[in-house]
Structures are given as structure tokens and as C-alpha cells.
Amino acid sequence: QQQVKQSPQSLIVQKGGISIINCAYENTAFDYFPWYQQFPGKGPALLIAIRPDVSEKKEGRFTISFNKSAKQFSLHIMDSQPGDSATYFCAASNSNYQLIWGAGTKLIIKP
Amino acid sequence: NAGVMQNPRHLVRRRGQEARLRCSPMKGHSHVYWYRQLPEEGLKFMVYLQKENIIDESGMPKERFSAEFPKEGPSILRIQQVVRGDSAAYFCASSAQGENTEAFFGQGTRLTVV
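So the protein sequences, as listed, match chains C and Y.
Under this note's numbering, the first sequence has 11 at position 10, and the numbering climbs by one with no breaks.
Under this note's numbering, the second sequence has 533 at position 23, and the numbering climbs by one with no breaks.
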């Protein structure tokens with residue numbers, strides 16, 4: 002019940018394309034769903050987050066889509082750029098710190 | 511305005527030694543969180559501290575691990591009698607307030623036990 006399943010494990014996208022990463026959770030008590038971006042040798046940085054009262058949130062080229070009934074949420078990166086190459090983690094919780102993290106997706110944007 | 515500072519960045523310890531990891535939160539932040547990350551995995555919550563208090567240590571192993579955040583100075587994560595399985599990246603995060611406020615992460619300490 003405490004798991005967050007993330008897919009794919011790795012993803013290669015051409016520059017300018019759309020990168021899509023998916024996550025599924027089990028615990029219906031979760032009400033906070035952040036996405037983090039992590040570059041090699043660095044700590045994770047909060048990218049965008051959503052709460053279940055909305056189905057979509059957009060910030061620049063980054064969009065979270067949220068499907069409460071399916072218990073799934075996804076990150077879409079539009080017009081993907083080489084600088085977006087990083088590992089992306091989804092997470093879920095009912096607090097901002099005791100997050101349950103997905104296993105991560107290594108994203109590579111090919112120039 | 512420096513971010514969350516962790517040191518050392520890399521730490522090598524022999525089995526049975528003690529490891530001390532330090533975390534200085536961002537200026538003005540009084541809430542600190544420690545996480546552990548194994549290779550190819552997401553982070554796992556260990557402990558949440560406020561100045562001089564442990565708020566939530568439900569993710570901490572019951573033995574050999576301890577954490578503190580004194581009134582003055584950095585937060586310390588202490589691992590006694592390290593074993594190979596303790597090898598991981600340990601991340602600290604801090605926030606200005608507690609729950610429902612954004613936490614900012616440090617660059618981590620990579621502990622290797624040989």
C-alpha cells in the first residue's frame with residue numbers, strides 16, 4: 002500500500018519531442034504528488050507538484066496529469082531539451098517530508 | 511544565500527567505524543529531514559528534526575543510527591559500527607516551516623563502507 006511504481010526506468014527522446022513518465026500509487030490517503038529532478042552528483046530539486054483536487058497542472062514546459070480514480074499521475078515535458086537530461090522521481094505522501102518515492106526514470110534527450 | 515550544505519561530500523569508512531554526516535540548513539530554516547538513497551532507487555525518509563527535537567524518526571533503523579539538530583550548529587546523522595549495507599547517498603533537506611512547505615535538498619554525502 003505504501004509503494005509508488007514508476008515507469009519507464011529509462012527513456013530516450015529526441016530534442017523537441019515530448020517526454021512522458023508515469024507513476025501509480027496505492028494508498029488513497031496520499032494527497033501530495035511532487036516530481037523531482039536530479040542531476041548526477043546533485044540533490045533532488047522540486048520540479049512541480051499537484052494535489053488531487055485538480056486533474057492537471059502546468060508550469061512552463063512541464064505538466065502533471067492526475068487521474069484520481071486510476072490512482073495514476075504522469076509528468077509530460079514538452080519540447081524536450083538536452084538540458085532536461087536527468088533522473089526524474091515521482092513521489093506521493095500526505096506530508097511534505099515522509100514521501101514515498103518512485104524508483105526514478107533516467108531521461109536522455111538526444112540532440 | 512547558500513543552499514543546504516552537507517559535508518563531507520564523500521566519506522569512506524571501514525566496517526565497524528563510525529560515520530558522522532553533517533547538514534547545515536538554509537538560512538532561516540529550522541526543519542531538517544534526512545533521507546537515504548541506494549543506487550538506482552528513490553530516496554527513503556529517515557528522520558525529521560526541528561531545533562533540539564526529533565519530530566519523526568519512523569524511518570530510522572532502530573540500532574546504530576542516531577540524529578540530532580542542536581540549538582547551535584549543524585544537524586548530525588551518526589552511524590555507529592558501519593556495515594557494507596550502510597553504503598549509500600545520504601541527503602539532507604530543510605524547510606522554513608514544517609509540513610506542506612517545500613523542502614530544499616543538499617548535494618548529499620556518499621558513504622562507502624569498505
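Here a beta-carbon is modelled for each residue, glycine too, at the ideal position from N, C-alpha and C.
These numbers were taken from a predicted model, which means no experiment stands behind them.
Contact with chain Y is found for Lys-43/C, since one of that chain's Cβ atoms lies less than 8 Å from the residue's Cβ. Proximity of chain Y to Trp-36/C at the Cβ level (cut-off 7 Å) is not reached, the minimal Cβ distance being about 12 Å.
Along the region 73-95 of chain C, going in chain order, the ones with a CB nearer than 8 Å to a CB of chain Y are Phe-90 and Ala-92.
Under a criterion of Cβ atoms nearer than 7 Å, the residues of chain C adjacent to Tyr-558/Y are, in order, Tyr-98. Look at the beta carbons and you see the region 61-78 of chain C touching the region 9-20 of chain C: at least three pairs across the two are nearer than 8 Å.
Assignment of beta strand (DSSP E) within the region 79-112 of chain C, counting only whole runs of 3 or more residues, yields 87-93 and 106-111 in chain order. CA-to-CA, the gap between Asp-566/Y and Tyr-543/Y works out to about 9 Å.
Looking only at Phe-615/Y, Asp-596/Y, Gln-607/Y and Glu-550/Y, the smallest Cα-Cα distance to Ala-529/Y is reached by Asp-596/Y.
The contact set of Gln-617/Y on chain C, defined by CB atoms closer than 9 Å, consists of Gly-42, Lys-43 and Gly-44 in chain order.
Interface annotation, Phe-575/Y: not in contact with chain C, CB-CB separation never under 8 Å. In summary, Gly-538/Y is exposed, with fewer than 16 beta-carbon neighbours lying within 10 Å of its beta-carbon over all protein chains present. Using beta-carbon distances, Tyr-543/Y counts as an interface residue toward chain C, with a partner under 8 Å. The beta carbons of Tyr-600/Y and Leu-548/Y sit about 11 Å from each other, so the pair does not count as a contact at 8 Å.
Using a Cβ distance threshold of 8 Å, Ile-65/C and Trp-36/C count as a contacting pair.
Asp-32/C carries a coil assignment under DSSP once its states are collapsed to helix, strand and coil. Remark: C-beta atoms of Pro-535/Y and Thr-619/Y do not approach each other more closely than 8 Å. Excluding residues up to 5 positions away in sequence, Tyr-26, Glu-27 and Ile-101 lie with their Cβ nearer than 8 Å to the Cβ of Gln-4/C in the same chain.
Among the CB atoms of chain C, one or more fall inside 8 Å of the CB of Phe-555/Y.
Between the beta-carbon of Asp-85/C and that of Leu-108/C there is about 6 Å, and that keeps the pair under the 8 Å contact cut.
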